[in-house]
Amino acid sequence: FAFLNALGGWSSFNFGGENKSDFKTNTSTIFKTQTPRHTISSQLEAVYNKEVNEQFTVKTMPIPLAMAEWLKEMSSSIAVYELATQRYVVVDELQIKSNSKEELYEVEMKYRYTDTYNGLVK
């Protein structure tokens, strides 16, 4: 990932840990009035709109605190770019999880692409 940092330059970071995606849809329907001309194949219920969301999650390997603190800047950046797909993303959530025994941290970022699915389909 590359992101626009506070100084106006581009910084990059590679999340080398686990990654996954969540794909969800939500459908709203309407009921149509049944008329005297209806047949057995007449449509009584129809899709009014469909909300589609796809969110991706990436994790780092254990990293030191200074690097975890630096990654906080990514979550507040107005421009984050995924280098692998060459697409812009919106960072929805950034969590820093600590491991007190080893003084290492794991960063988990949830994001979505700016150009697909995330909206209403009518």
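According to this note's numbering, the stretch in the sequence shown is residues 39 to 160, in order.
All C-beta atoms in this analysis are idealised placements derived from N, C-alpha and C, irrespective of residue type, glycine included.
Please identify the residue among P100, R125, K58 whose C-alpha is closest to the C-alpha of K139. That would be P100, whose Cα lies nearest to the Cα of K139.
Return the chain-ordered ranges of every alpha helix (DSSP H) run that is complete within the stretch 75-105 and spans a minimum of 4 residues. You should have found no qualifying run.
Please determine, among I134, S114, T98, F41, the residue with the shortest C-alpha to C-alpha distance to S50. Out of I134, S114, T98, F41, F41 has the C-alpha closest to the C-alpha of S50.
Tell me which same chain residues have a C-beta within less than 6 Å of the C-beta of S113, skipping the five on either side of it? Only V129, L132 meet the Cβ criterion.
Rounded distance between the beta-carbons of F39 and V118, thought under 8 Å: Between the beta-carbon of V118 and that of F39 there is about 6 Å, and that keeps the pair under the 8 Å contact cut.
Helix, strand or coil: which one does DSSP assign to S113? Note: S113 maps to helix in three-state DSSP.
Okay, do the stretch 80-90 and the stretch 54-72 touch, 3+ Cβ pairs below 8 Å being the bar? Enough Cβ pairs lie closer than 8 Å, so yes.
Buried or exposed, going by whether 16 or more other CB atoms sit within 10 Å of the CB of T98? Buried, since its Cβ has 16 or more Cβ neighbours within 10 Å.
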